[in-house]
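A.B. asks: I am attaching a structure below and will ask some questions about it afterwards.
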Amino acid sequence: MEWMKKIAVAVALLGCVSLAAPAAMAQDNINPQQLLESAKNMSGSDMLSRASGEIEKMKNTLGGSLELLEATRDEEKDILKLNCIRDKLAAVKGFLKVSEQSEVKLKEALARDDRATAEHQYALVVIAGSKVSNLGVEAQSCAGEVLRYSGQTDVKFDIDEDIPEIDPTILLEEIEVLFKLPEATPFQ
Numbered sequence: 000m001e002w003m004k005k006i007a008v009a010v011a012l013l014g015c016v017s018l019a020a021p022a023a024m025a026q027d028n029i030n031p032q033q034l035l036e037s038a039k040n041m042s043g044s045d046m047l048s049r050a051s052g053e054i055e056k057m058k059n060t061l062g063g064s065l066e067l068l069e070a071t072r073d074e075e076k077d078i079l080k081l082n083c084i085r086d087k088l089a090a091v092k093g094f095l096k097v098s099e100q101s102e103v104k105l106k107e108a109l110a111r112d113d114r115a116t117a118e119h120q121y122a123l124v125v126i127a128g129s130k131v132s133n134l135g136v137e138a139q140s141c142a143g144e145v146l147r148y149s150g151q152t153d154v155k156f157d158i159d160e161d162i163p164e165i166d167p168t169i170l171l172e173e174i175e176v177l178f179k180l181p182e183a184t185p186f187q
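For the sequence shown, position 112 matches number 111 in numbering that gives the first Met the number 0, and the numbering has no gaps at all.
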């Protein structure tokens, strides 16, 4: 009966996440491809401020994922869900690190007045921001053991009545030689 309660809670949580996911995606209704194309028309300071904004969003996603990890660790103690969240968290940290490095390189490129490098570094930050946003939603959607548990295993088997109870291979081990074959030639 307790496992039914767990399943009901899991279904309710999954329903909440499925309702929250489109809302989270709707916050960033700007297409990353549009941001990349608009970079050609942006000033250096605009690129830098938007890149910084993307990095702040990534840090917020990282913080939310860390809170989710702690809550799962403390309250649910579900290893499958913890592993799922940890995987997403590791990817978020990697993208954040790349984005912070790209922001530094973006500043350097703008200082050198290297437009192509600046656009490239800006593109890296925007793409990473899009990936991190998706990873945040995926971390919220991680399902654990509750949704994968199907109850006690009930094993039933039928034995065919035509199968003999004595193993016929045992008799072959007791008989040493069935037939002695004749020699092929007398010259052996």
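For each residue, glycine too, the CB sits at the ideal point set by N, CA and C.
Would you check if the distance between the CB atom of V154 and the CB atom of M57 is smaller than 7 angstroms?
C.D. replies: Cβ distance not < 7 angstroms, so V154 and M57 don't count as in contact.
A.B. asks: One question on the structure: do L134 and K96 come within less than 7 angstroms of each other, judged by their Cβ atoms?
C.D. replies: Their beta carbons are not under 7 angstroms apart, which means L134 does not touch K96 by this criterion.
A.B. asks: Under 7 angstroms, do A117 and L105 count as touching if we go by C-beta distance?
C.D. replies: Result yes, Cβ atoms of A117 and L105 sit closer than 7 angstroms.
A.B. asks: On a CA-only basis, which of P163, Q100, Q33, Y121 is nearest S42? Give me that one, please.
C.D. replies: Of P163, Q100, Q33, Y121, the residue nearest in Cα terms is Y121.
A.B. asks: Considering Cα atoms alone, identify which of D157, A138, I162, E102 is closest to D45.
C.D. replies: When each option's Cα is compared against that of D45, the closest is E102.
A.B. asks: Grouping DSSP H, G and I as helix and E and B as strand, with all else coil, what is T152?
C.D. replies: Here T152 sits in coil by DSSP.
A.B. asks: Going by CA-CA distance only, name the one from E74, E160, L68, D73 that's closest to N82.
C.D. replies: The residue with the shortest Cα to Cα distance from N82 is L68.
A.B. asks: Could you give the residue range of the alpha helix (DSSP H) that holds D86?
C.D. replies: Its alpha helix (DSSP H) spans residues 78-111.
A.B. asks: Do G128 and E53 come within 7 angstroms of each other at the CB atom, strictly closer than that value?
C.D. replies: Yes, they are a contact pair.
A.B. asks: Indicate the three-state DSSP secondary structure (helix, strand or coil) for I126 in the structure shown.
C.D. replies: I126 falls in the helix class under three-state DSSP.
A.B. asks: Helix, strand or coil for D27? Go by DSSP, reduced to three states.
C.D. replies: Confidence in D27 is poor, its pLDDT being 48 and thus under 50, which makes the residue's placement unreliable; the coordinate value appears in the next sentence. In the structure shown, D27 sits in coil (DSSP, three-state: anything other than H, G, I, E or B).
A.B. asks: Leaving out five residues on either side along the sequence, give the residues of the same chain with a beta carbon under 6 angstroms from the beta carbon of I162.
C.D. replies: Once the five neighbours on either side are set aside, I162 has no close Cβ partner at all.
A.B. asks: Measuring only the C-alpha atoms, how far is A90 from S37?
C.D. replies: Looking at the two C-alpha atoms, the distance is approximately 27 angstroms.
A.B. asks: Is A138 near S64, with beta carbons less than 7 angstroms apart?
C.D. replies: Yes. Within cutoff.
A.B. asks: Could you have a look at D157 and say whether DSSP puts it in helix, strand or coil?
C.D. replies: Looking at D157 - three-state DSSP - the assignment turns out to be coil, as it is neither helix nor strand.
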